[in-house]
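Q:
In this note's numbering, the protein residues as written are -17 to 177.
Right, dumping it as structure tokens:
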């Protein structure tokens, strides 16, 4: 099997056309100062997904094996992200994409166990898909006329509040009590605006 790590990703990301990669930008993408920076993580996953579009005709056998592994991982990331970022997807397409992701990860996890994903991450990802799939009939039973939006799926209001407060604070992990109060107030005001 192929071990996908920072060095391998760095070497392959440099091959993506249309990007002015510098060692600093690849390093920032792969070694974030803030591990909770969701936009950066989404950008990285999308770039890994874009590796599928590289020309494979001139690859040697070793590179071909790496490329195949990266393409498989990229496709898994693609079907995970599309339901949340593609506004043209119907609810059916969103659910199909998430279920495809669940099957991808299940197969890869069964073949590679914790060398692919930690038990906790695998369980969390499968639970996320299960919750999204089961939310649709649940909402239909409540009111068949209600629209269901996968991007609004979430079950922990406090986690959402902390996430918004962190975003408002520029993803800075350290703040004073006064700043935290301001961030929470702003986050709650945002919730009122969008409700």
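A virtual CB, placed ideally from N, CA and C, is assigned to each residue, including glycine.
Please read all numbers here as calculations on a predicted model, not as lab measurements.
Would DSSP call residue 133 helix, strand or coil?
A: Helix.
Q: Does residue -17 come out as helix, strand or coil in the three-state DSSP assignment?
A: It is coil, neither helix nor strand.
Q: Evaluate contact between the segment 24 to 38 and the segment 49 to 61, counting only Cβ atoms and requiring at least three cross-stretch pairs below 8 Å.
A: Yes, the segment 24 to 38 touches the segment 49 to 61.
Q: Counting C-beta neighbours from all protein chains within 10 Å, is the total for residue 85 16 or more, i.e. buried, or is it exposed?
A: Looking at its Cβ environment, which holds fewer than 16 other Cβ atoms inside 10 Å, residue 85 is exposed.
Q: Does residue 2 come out as helix, strand or coil in the three-state DSSP assignment?
A: DSSP places residue 2 in coil when its eight states are reduced to three.
Q: Give every residue of the same chain whose Cβ lies closer than 6 Å to the Cβ of residue 80, excluding the five residues on either side of it in the sequence, and list them in chain order.
A: 65, 111, 114.
Q: If you draw a straight line from the C-alpha of residue 19 to the C-alpha of residue 26, how long is it?
A: The alpha-carbon atoms of residue 19 and residue 26 are separated by roughly 11 Å.
Q: If you pair each beta-carbon of the segment 59 to 79 with each one of the segment 122 to 134, do three or more pairs fall below 8 Å?
A: As far as the Cβ criterion goes, the segment 59 to 79 touches the segment 122 to 134, which means the pair count is three or higher.
Q: With a Cβ-Cβ cutoff of 8 Å, do residue 33 and residue -6 count as a contact?
A: Contact flag set, yes.
Q: Just mark residue -3 as buried or exposed, buried being the case when its beta carbon has 16 or more other beta carbons within 10 Å.
A: Label assigned to residue -3: exposed.
Q: Check residue 18 in the structure and name its three-state DSSP category.
A: Residue 18: coil per DSSP, three-state reduction.
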